[in-house]
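Colleague: Numbering-wise, the UniProt record's numbering puts 105 at position 105 of the sequence shown, and it's gapless, one number per residue.
We treat Cβ as the ideally placed atom computed from N, Cα and C, and that holds for glycine.
A single structure is presented below for examination.
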Amino acid sequence: MNVAEAVGAILASLGVRAAFGVVGSGNFHVTNALAEHGVRYVAARHECGAATMADAYARMSGTVTVVSVHQGPGLTNALTGVTEAAKSRTPLLVLAPEVTSPTSNFRIDQAALAEAVGAHCARIGSAETVLDDTVMAFLAALLGRRTVVLNLPLDVQAEELPEEAAESVRELVAGRGGAHRGVASRVPAPWGLTFPLEPPLEPAAETSAEEGEPEGLAAEPSDALTRFARLLAGAKRPVFVAGRGARGARRELEALGEQVGALFATSAVAKGHFHGSPWNIDVSGGFATPLANELIRDADLVVGWGCSFTMWTTRHGTLIGPEAAVVQVDLDPDALGVHREVDLGVVGDVRETARAVTALLAGPGGRSEPAPGYRTPEIAARIAREGRWRDVPYEDTSAGGRIDPRTLTIGLDDLLPEERLVAVDSGNFMGYPSMFLTVPDGSAFCFTQAFQSIGLGLATAIGAALARPDRVTVAALGDGGALMGIAELETVVRLGLPMMVVVYDDEEYGAEVHHFAPHGLPLGAVTFPPVDIAAIGRGFGCEAVTVRTEEDLAGVAAWLKGPRDKPLVVHAKVTADTPAWWLEEAFRGH
1 MNVAEAVGAI LASLGVRAAF GVVGSGNFHV TNALAEHGVR YVAARHECGA
51 ATMADAYARM SGTVTVVSVH QGPGLTNALT GVTEAAKSRT PLLVLAPEVT
101 SPTSNFRIDQ AALAEAVGAH CARIGSAETV LDDTVMAFLA ALLGRRTVVL
151 NLPLDVQAEE LPEEAAESVR ELVAGRGGAH RGVASRVPAP WGLTFPLEPP
201 LEPAAETSAE EGEPEGLAAE PSDALTRFAR LLAGAKRPVF VAGRGARGAR
251 RELEALGEQV GALFATSAVA KGHFHGSPWN IDVSGGFATP LANELIRDAD
301 LVVGWGCSFT MWTTRHGTLI GPEAAVVQVD LDPDALGVHR EVDLGVVGDV
351 RETARAVTAL LAGPGGRSEP APGYRTPEIA ARIAREGRWR DVPYEDTSAG
401 GRIDPRTLTI GLDDLLPEER LVAVDSGNFM GYPSMFLTVP DGSAFCFTQA
451 FQSIGLGLAT AIGAALARPD RVTVAALGDG GALMGIAELE TVVRLGLPMM
501 VVVYDDEEYG AEVHHFAPHG LPLGAVTFPP VDIAAIGRGF GCEAVTVRTE
551 EDLAGVAAWL KGPRDKPLVV HAKVTADTPA WWLEEAFRGH
């Protein structure tokens, strides 16, 4: 057994389910070893696509996922996807072969590249240390919730393991880990280690409290949890904003929200987390409905649960009222107060923190009834009446063979089955699917936007679809991002994914057009002649329909009825005269 074979066997034994990549000479053997030991390998057409697929798969499956690339250019090609994953704190392991000869044309400083984009860097040092080196890199990804570039020096890959090291790997593969000394002996069995996802919902347990401060809360707060409980006990209009770090904690947050009368919102990446709750006001920030904006601005306490309060979530800080107290709960102490000053930062797991504070509020001598907080009949009626973007009146601009993107997206929302998964690319169009398409839970929206790169949406949808084959996956793309990542449409067809690819085509880089047009600047560099994207889809082997009017959505309805044996490309010729207010705000942050 050589080092390359050992790395594949070890990662499979630790619970890696899927690997994505483009194979070259440097990663040929480690990729085959992964597949030999049961890891599903998905060949992408470009390394950036592979990294993005793996990012999305990790987000949707709750498992550490592997990217396998060639040395040098394989890693540089993957960097945009790796950067997105690193900024999103996705548990990802990038296997990067590394040349050691200073004269090789593949020679680059791979460690410096990894660190430059925010990824952690690790290396396989020798055949003697391969087991512990690999396990440490895996645990850094899993427990640190971070992207790790694991450099595999080519000369080390070819080394044969000493018998003792080989026996330790064989024991791990056989499920008998821990017989040897070293890091791997401290990995808990079973090896299928995951990070939180949303479990199936059940009714939240009833909790009780009575008016006034909960008994046991010190007059002068003695720790962060006690201070937090006091703030909640005194709040009249609390709002909880769940981020990606709150996945898996819906029951606990709803139980605490019931105690204090909180309304529920999410960051964009956590859209759907509170779907179905009568107190859900959906996304906070640039995609927020007018009602959500109003209610969050009027809140006297805003709690971010695994939410970093970025400019997107707070509309550059303007969304939270100046008199509101702000609490941020996060597992990472370095995340507290980074994007916005907070009154209280609580370091801890979201689920356990919510449980602990609920227990404080409902302890002996507590309130006999939950506090009404923000939950009045009037607010409930307004949420039911105004809580969705489709409830907000708009002037339909469909005309001249082009459909209003709002009308298009509402029509798609009506047609799609409830069990859906939505992946959205970046661009001027992106608010329409993010605001007008509903999703059934917080594990049904994949939003790779931490780096704001266009062209990742199709690969995002592929990774998400492979992780959740039980749902109809919708890739929502602009024409610019679709054409940038179009090579991966072959991957969709090759894998037989029953995916819908919706392209919002305005024949321009709409964000730049609407940003620079008011200044009278030339736009020839960001506008393009028509492209028959439906024909391109058919050329790859997809079914395709061009949508210019609501009536054209009949083709989408026919595909949804089945058998869905081919993916569907929806080439939507959308109106282009409406600037996206969410990107106007985003440009202020550049």
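Assign His519 to one of two classes, buried (16 or more other C-beta atoms within 10 Å of its C-beta) or exposed (fewer than that).
Modeller: Exposed, since its Cβ has fewer than 16 Cβ neighbours within 10 Å.
Colleague: Taking Cβ to Cβ, would you say Gly345 is nearer than 8 Å to Leu336?
Modeller: Going by C-beta atoms, Gly345 is nearer than 8 Å to Leu336.
Colleague: Below 8 Å on the Cβ atoms is my guess for Ala141 versus Leu92; work out the distance and round it to an integer in Å.
Modeller: Going by Cβ atoms, the distance from Ala141 to Leu92 rounds to 6 Å, so yes, they are a contact pair.
Colleague: What span of residues does the beta strand (DSSP E) with Ile462 cover, start to end?
Modeller: Not the beta strand (DSSP E): Ile462 falls in the alpha helix (DSSP H), residues 457-467.
Colleague: What are the start and end residues of the alpha helix (DSSP H) that includes Val7?
Modeller: Taken as a continuous stretch (DSSP letters only), the alpha helix (DSSP H) holding Val7 covers 3-13.
Colleague: Out of Glu115, Pro333, Ala325, point me to the one whose CA is closest to Lys236's CA.
Modeller: Nearest of Glu115, Pro333, Ala325 to Lys236, Cα basis: Ala325.
Colleague: Going by alpha carbons, who is nearest to Leu437 out of Thr549, Gly478, Arg406?
Modeller: When each option's Cα is compared against that of Leu437, the closest is Arg406.
Colleague: Have a look at the DSSP bridge pairing and note the partners of Val67.
Modeller: Answer by DSSP bridge pairing, in chain order: Phe20, Val94.
Colleague: Would Cys121 and Val82 be called neighbours here (beta carbons separated by less than 8 Å)?
Modeller: Contact: no.
Colleague: Please report the straight-line C-alpha distance between Arg59 and Cys446, rounded to a whole angstrom.
Modeller: Cα-Cα distance, rounded: 8 Å.
Colleague: Looking at Ile403: is its Cβ nearer than 8 Å to the Cβ of Ala572?
Modeller: Cβ distance < 8 Å, so Ile403 and Ala572 count as in contact.
Colleague: Can you give me the Cβ contacts of Val574 inside the same chain, cut-off strictly under 8 Å, excluding the 5 residues immediately before and after it?
Modeller: Only Arg402, Ile403, Asp404, Pro405, Leu408, Phe429, Tyr504, Asp505, Asp506 meet the Cβ criterion.
Colleague: So the beta strand (DSSP E) residue 598 belongs to, where does it begin and stop?
Modeller: Residue numbering for the chain in the displayed model covers 1 to 590; residue 598 lies beyond these limits and cannot be assessed.
Colleague: Determine the DSSP secondary structure at Thr397, reduced to helix, strand or coil.
Modeller: In this structure, Thr397 counts as coil in the three-state DSSP scheme.
Colleague: Distance, Cα to Cα, Gln452 vs Glu512?
Modeller: Their backbone Cα atoms lie some 14 Å apart in a straight line.
Colleague: Are the beta-carbon atoms of Gly257 and Phe240 separated by less than 8 Å?
Modeller: Yes, Cβ-Cβ distance for Gly257 and Phe240 is below 8 Å.
Colleague: Are there 16 or more other CB atoms within 10 angstroms of the CB of Asn27, so buried, or fewer, so exposed?
Modeller: Result: buried.
Colleague: How is the beta strand (DSSP E) around Phe447 delimited, first residue to last?
Modeller: It is not in any beta strand (DSSP E) - Phe447 carries neither H nor E in the DSSP assignment.
Colleague: Should Leu143 be labelled buried (16 or more other beta-carbon atoms within 10 Å of its own) or exposed?
Modeller: Per the 10 Å Cβ criterion, exposed.
Colleague: Rounded to whole angstroms, what's the CA-CA distance from Ala233 to Leu361? Just pull it up for me.
Modeller: Roughly 7 Å separates the two Cα atoms.
Colleague: If contact is defined by three or more beta carbon pairs under 8 Å, each pair taking one atom from either stretch, is the stretch 283-298 in contact with the stretch 459-467?
Modeller: Counting Cβ pairs under 8 Å, fewer than three are found: no touch.
Colleague: Taking only three categories from DSSP, how would you classify His339?
Modeller: Three-state result, His339: coil.
Colleague: Please classify His120: does DSSP put it in a helix, a strand, or coil?
Modeller: Looking at His120 - three-state DSSP - the assignment turns out to be strand.
Colleague: So what does DSSP say about Leu489, is it helix, strand or coil?
Modeller: Of the three classes helix, strand and coil, the one that applies to Leu489 here is helix, per DSSP.
Colleague: Within 10 angstroms of its Cβ, does Arg385 collect 16 or more other Cβ (buried), or is it exposed?
Modeller: Label assigned to Arg385: exposed.
Colleague: Out of Gly510, Ala44, Arg250, which one is the CA nearest neighbour of Val492?
Modeller: Looking at the Cα atoms, Ala44 is the closest of the given residues.
Colleague: Given Leu253, which residues of its chain have a CB within under 7 Å of its CB, disregarding the five upstream and five downstream residues?
Modeller: Counting only Cβ-Cβ distances below 7 Å, and skipping sequence neighbours, we find Phe240, Ala242, Ala246, Trp305, Ala354.
Colleague: Between the stretch 126-135 and the stretch 94-106, do at least 3 Cβ pairs fall closer than 8 Å?
Modeller: Because the criterion of three Cβ pairs below 8 Å is not met, the stretch 126-135 and the stretch 94-106 do not touch.
Colleague: Compare the beta carbon distance of Leu568 and Glu543 with 8 Å and say whether it is the shorter of the two.
Modeller: Their beta carbons are under 8 Å apart, which means Leu568 touches Glu543 by this criterion.
Colleague: In the DSSP assignment, find the unbroken alpha helix (DSSP H) run with Arg420 in it and report its ends.
Modeller: Not the alpha helix (DSSP H): Arg420 falls in the beta strand (DSSP E), residues 420-424.
Colleague: At which residues does the beta strand (DSSP E) containing Glu543 begin and terminate?
Modeller: Per DSSP, Glu543 belongs to the beta strand (DSSP E) from 543-547.
Colleague: Could you check if Glu47 is buried or exposed, using at least 16 other CB atoms within 10 Å of its CB as the buried criterion?
Modeller: By the 10 Å Cβ count, Glu47 comes out buried.
Colleague: Comparing C-alpha positions only, which one of Pro372, Gly480, Ala224, Ala450 sits nearest to Val342?
Modeller: Ranking Pro372, Gly480, Ala224, Ala450 by Cα distance to Val342 puts Ala224 first.
Colleague: What are the boundary residues of the beta strand (DSSP E) that Pro238 is part of?
Modeller: Residues 238-242.
Colleague: Are the beta-carbon atoms of Ala119 and Ala86 separated by less than 8 Å?
Modeller: Taking 8 Å as the Cβ cut-off, Ala119 and Ala86 qualify as a contacting pair.
Colleague: If I measure Cβ to Cβ from residue 592 and keep anything under 6 Å in the same chain, skipping five residues before and after, which residues do I get?
Modeller: This structure gives no information on residue 592, because the portion of the chain shown stretches from 1 to 590.
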